[in-house]
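Participant: One structure, pasted below without further comment.
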């Protein structure tokens, strides 16, 4: 029984759980008895061929053709016909496709079977074909989407299951991003570096069934709560890695000084949680549960809910297994050479698409001020003849003493996202988009910090500012809310994390959008019913912040007002931006309204909170967060 259970578990989830007692949850008993229902009698066979009652036009294989028409009552046992053909009867119509045959057996049943073998995999060549390019691009994206469905269905935490704060993607054998589902851009643009770090650190030592885990910001990670699980996909013989699949999920707590792993005053990375670099999560198909539990429980500030972390990690492994299994099916159908060739072709197509965009762009520069007095500077220099561009962040403020440092992978992710959005065709976001772009990100700045800098707000806040700065340099979009409005609260029993939507910036031909997650975040709000069921809070208000969008010929989108009442004592943490510097307008458009954070005590006292703050709340206290609006575009009429 155990062997059968472990085999079924490995097939579905990609690993075998550690030694645990089996629980028989239900027992199904099947009994087979004799029946008095008579069988259809066997009839004599008719060897002569059937006679068609006429012909009919059938559409098949992209064209119309004449095909014979047969009446079912005129077909007798022993007769058979080959497609293309049509068989009609009073209550049904049977289409017999080319390569198939219909035969009437001795009990007068019509049986369809294929008599010609399926087209061989070699019929699809490795040479790029424009139609197949679209087919493969969508197949790759569909696999990533299936991974996401598995992850959402099997995860335990609200953060992954309900808010969908995760991303899934496919990578080629060198760890280059090939395709993704429409998940979280800050994850997707940086995961490739994590995959390449695992490949670099384990080349020659990886074995089939191994799965790796990491969250290291200096090896492609974003911030410590974003944990990446990476699965190599091997050939049938287990000798060669063909692809990688990966999933990155935001764990509600990964340790650190405050619940939710986002202390607003952190100055070193270890204050933000457990740092995981090149960890073997599954070895040879067996989950290293005890060792991983020990890892998550280590350090000066270990994880607060290790069992939830382990459950979400198991879900990520299962999501990766879905991707691996579907890639194997693709290889079986099309052939390995074809699949690998089209992994390259979709990247080449993305590169060509970005080059076409660059041919129409102009040089530009922009400086984005930050609430703490720092700034992000970017200069975009376009070589239109060679269809290349240099994105230079020289002039950006030095490494932040606190946690507003964005790892270099986050900056790359923002650049990848912005230039992908400039492409007006439906292509996967992948590594090819970056090939025509040269990035200059000076070391020791807040966009390329040195270890052991704290980074939690750099991932969420600075990434949004980078995006706004790039759009500003291109002159294409006014500033959006420029923050993720990170709101974390918890105690020893509960921890929750949410990002709150706001307004987007207007452009030269469109207004901004009200109350949406934008740019580097693509998560959703937890349903109030789920939130109130899982955590001791009440949603008192969640409404559009009317009038918060910037004025302009095209106005900016409005932010929101979110008010939560606490039913238990908790530690609440806020990491937010654009509380002092408003989201700017472009081309004469007005700025959006700054955000605002307040604590309302149960006795009615109102306390203004900073953009980055930590406060102890008691039962009956409320926190009200007003998120920024987007900037307007063009002078108001």
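Residue numbers (our numbering): 1470 to 2106. Where is the CB? At the ideal position from N, CA and C, for every residue including glycine.
What's the gap between the Cα of residue 1622 and the Cα of residue 1853?
Facilitator: About 47 Å.
Participant: Tell me which residue opens and which closes the beta strand (DSSP E) that residue 1534 is part of.
Facilitator: Per DSSP, residue 1534 belongs to the beta strand (DSSP E) from 1532–1540.
Participant: Going by C-alpha to C-alpha distance, which of 1751, 1567, 1716, 1587 sits closest to residue 1537?
Facilitator: The candidate whose alpha carbon is nearest that of residue 1537 is 1567.
Participant: If we ignore side chains and look at the alpha-carbon of each, how far apart do residue 2103 and residue 1966 end up?
Facilitator: For residue 2103 and residue 1966, the distance between alpha carbons rounds to 36 Å.
Participant: Who are the Cβ neighbours of residue 1489 in its own chain at under 6 Å, not counting the five residues just before and after it?
Facilitator: Around residue 1489: no qualifying Cβ.
Participant: On the premise that residue 2064 lies in contact with residue 1952, defined as a C-beta separation below 8 Å, what is that separation, rounded to the nearest angstrom?
Facilitator: Correct: roughly 7 Å between the Cβ atoms.
Participant: Can you grab the Cα-Cα spacing for the pair residue 1685 / residue 1617, in whole Å?
Facilitator: If you take the alpha carbons of residue 1685 and residue 1617, they lie about 22 Å apart.
Participant: As a quick exercise: from 1655, 1577, 1904, 1709, pick the residue whose alpha carbon is nearest that of residue 1509.
Facilitator: It is 1577 whose Cα lies nearest to the Cα of residue 1509.
Participant: When the cut-off is 9 Å and only beta carbons count, does residue 1721 lie next to chain B?
Facilitator: This model lacks chain B altogether, as it is built from one protein chain only.
Participant: Give every residue of the same chain whose Cβ lies closer than 7 Å to the Cβ of residue 1597, excluding the five residues on either side of it in the sequence, and list them in chain order.
Facilitator: Closer than 7 Å at the Cβ level, and outside the excluded window around residue 1597, lie 1814.
Participant: Extract the residue ranges of the beta strand (DSSP E) inside the segment 1703–1751, only unbroken runs of 3 or more that lie entirely within it.
Facilitator: The segment 1703–1751 contains these whole beta strand (DSSP E) runs: 1710–1719.
Participant: Between residue 2015 and the rest of its own chain, which residues show a CB-CB distance below 8 Å, the 5 nearest in sequence each way excluded?
Facilitator: Within the same chain, residue 2015 has close Cβ partners 2027.
Participant: If I follow the unbroken alpha helix (DSSP H) through residue 1838, where does it start and stop?
Facilitator: Where residue 1838 is concerned, there is no enclosing alpha helix (DSSP H), although the beta strand (DSSP E) it sits in stretches over 1833–1838.
Participant: How is residue 1658 classed by DSSP in three states: helix, strand or coil?
Facilitator: DSSP places residue 1658 in helix when its eight states are reduced to three.
Participant: In the DSSP output, which residue or residues are listed as bridge partners for residue 1971?
Facilitator: DSSP, once it has assigned bridges, lists 1985 as partnering residue 1971.
Participant: With 16 other CB atoms within 10 Å as the buried threshold, where does residue 1591 fall?
Facilitator: Reliability of the predicted coordinates at residue 1591 is poor, the pLDDT of 46 falling under 50, and the value obtained from them is presented with this limitation in mind. Exposed is the call here.
Participant: Rounded to whole angstroms, what is the Cα-Cα separation between residue 1522 and residue 1540?
Facilitator: About 7 Å.
Participant: Can you tell me whether DSSP reads residue 1849 as helix, strand or coil?
Facilitator: DSSP places residue 1849 in strand when its eight states are reduced to three.
Participant: Which one or two residues does DSSP pair with residue 1683 in a beta bridge?
Facilitator: Answer by DSSP bridge pairing, in chain order: 1697.
Participant: Could you check what DSSP says for residue 1525 in three-state terms: helix, strand or coil?
Facilitator: Three-state result, residue 1525: strand.
Participant: Can you give me the Cβ contacts of residue 1692 inside the same chain, cut-off strictly under 6 Å, excluding the 5 residues immediately before and after it?
Facilitator: Result list for residue 1692: 1924, 1925, 1928, in chain order.
Participant: Could you spell out the range, first to last residue, of the alpha helix (DSSP H) harbouring residue 1512?
Facilitator: Looking at the DSSP string, residue 1512 is not in any alpha helix (DSSP H), and its letter there is neither H nor E.
Participant: Short of 7 Å in beta carbon distance, which residues of its chain neighbour residue 1799, apart from the five on each side in sequence? Order them along the chain.
Facilitator: Once the five neighbours on either side are set aside, the close Cβ partners of residue 1799 are 1608, 1808.
Participant: Flag residue 1601 as yes when its Cβ comes closer than 8 Å to any non-hydrogen atom of the ligand GTP, and as no otherwise.
Facilitator: This structure lacks the ligand GTP, and indeed carries no ligand of any kind.
Participant: With which residues is residue 1485 paired in a DSSP beta bridge?
Facilitator: DSSP output for residue 1485 lists 1755 as bridge partner(s).
Participant: Going by beta carbon distance, what residues of the same chain come within less than 6 Å of residue 1866, once the five residues before and after it are set aside?
Facilitator: Same-chain partners within the cutoff: 1843, 1844, 1915.
Participant: Hey, residue 1655 and residue 1883: beta-carbon distance below 9 Å or not?
Facilitator: Going by C-beta atoms, residue 1655 is nearer than 9 Å to residue 1883.
Participant: Please report the distance separating the alpha-carbon of residue 1848 from that of residue 1860.
Facilitator: If I take the Cα positions, the gap works out to 6 Å.
Participant: Span of the beta strand (DSSP E) holding residue 1880?
Facilitator: First-last for residue 1880: 1877–1890, but that is the alpha helix (DSSP H), not the beta strand (DSSP E).
Participant: Find out if the Cβ-Cβ distance for the pair residue 1919, residue 1662 is shorter than 9 Å.
Facilitator: Not closer than 9 Å, so no.
Participant: Give me the Cα-Cα distance between residue 1751 and residue 1702, rounded to the nearest whole angstrom.
Facilitator: Rounded to whole angstroms, residue 1751 to residue 1702 spans 14 Å at the Cα level.
Participant: Can you tell me whether DSSP reads residue 2100 as helix, strand or coil?
Facilitator: DSSP places residue 2100 in coil when its eight states are reduced to three.
Participant: Which residues in the same chain have their Cβ closer than 6 Å to the Cβ of residue 1791, if we skip the five residues on either side of it in sequence?
Facilitator: The answer, listed in chain order, is 1615, 1616, 1619.
Participant: Thinking residue 2042 and residue 1960 are a contact (beta carbons under 8 Å), I'd like their distance in whole angstroms, please.
Facilitator: Actually they do not touch by this definition, with Cβ atoms about 12 Å apart.
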